[in-house]
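*Asks:* Pasting in a structure now, in structure tokens, and then I'll have a few things to ask.
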């Protein structure tokens with residue numbers, strides 16, 4: 704893998720094995736879903752697609768680089784249109800749109816939320832929270 708951290712270090716063999724295992728077991732479906740939604744957003748919003756393409760083209764041609772060279776993580780991190788689109792995709796289409804938790808102790812939820820007693824089940828929806836106009 705071509706990944707390099709800011710100090711130039713690559714992934715160790717153990718990190719590579721762990722990453723591959725994670726993708727095979729836990730990350731395969733969620734990654735495919737996120738990339739599919741991101742592709743859909745780019746295809747339905749030509750201005751977003753154009754912005755991402757311009758960023759990539761600019762990176763590939765910066766400092767006299769030739770097309771086909773790899774973009775390292777430091778350059779990738781500067782692609783604000785691509786990162787913004789990816790984060791917005793995850794906000795609008797979370798891999799796990801709702802979840803349930805059991806309270807481990809008595810508590811009161813933030814912002815004037817309800818009182819929760821130890822053992823209560825709480826259902827929350829990332830999907831709904833991500834579409835709350837008071838937040839977004």
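Numbering (the working numbering), first residue to last: 704 to 839.
From the three backbone atoms N, C-alpha and C, an ideal C-beta is built for every residue, glycine too.
1) Just to confirm before moving on: does the CB-CB distance between residue 788 and residue 811 stay below 8 Å?
2) What residue from 833, 797, 719 has the CA that sits closest to residue 740's CA?
3) Which residues in the same chain have their Cβ closer than 6 Å to the Cβ of residue 712, if we skip the five residues on either side of it in sequence?
4) Does the count of Cβ pairs from the stretch 779-794 and the stretch 721-741 closer than 8 Å reach three?
5) Between residue 758 and residue 785, how many whole angstroms is the CB-CB distance? I'm expecting something under 8 Å.
6) Determine the burial state of residue 755: buried for a count of at least 16 other Cβ atoms within 10 Å of its Cβ, exposed for fewer.
7) Which one of 743, 782, 749, 819 has the shortest CA to CA distance from residue 762?
8) Considering Cα atoms alone, identify which of 813, 801, 820 is closest to residue 807.
*Replies:* In short:
1) no
2) Distance check between residue 740 and each of 833, 797, 719 places 797 closest, using alpha-carbon atoms only.
3) none
4) The stretch 779-794, when compared against the stretch 721-741, does touch it at the 8 Å Cβ threshold.
5) 6 Å
6) buried
7) 782
8) 820
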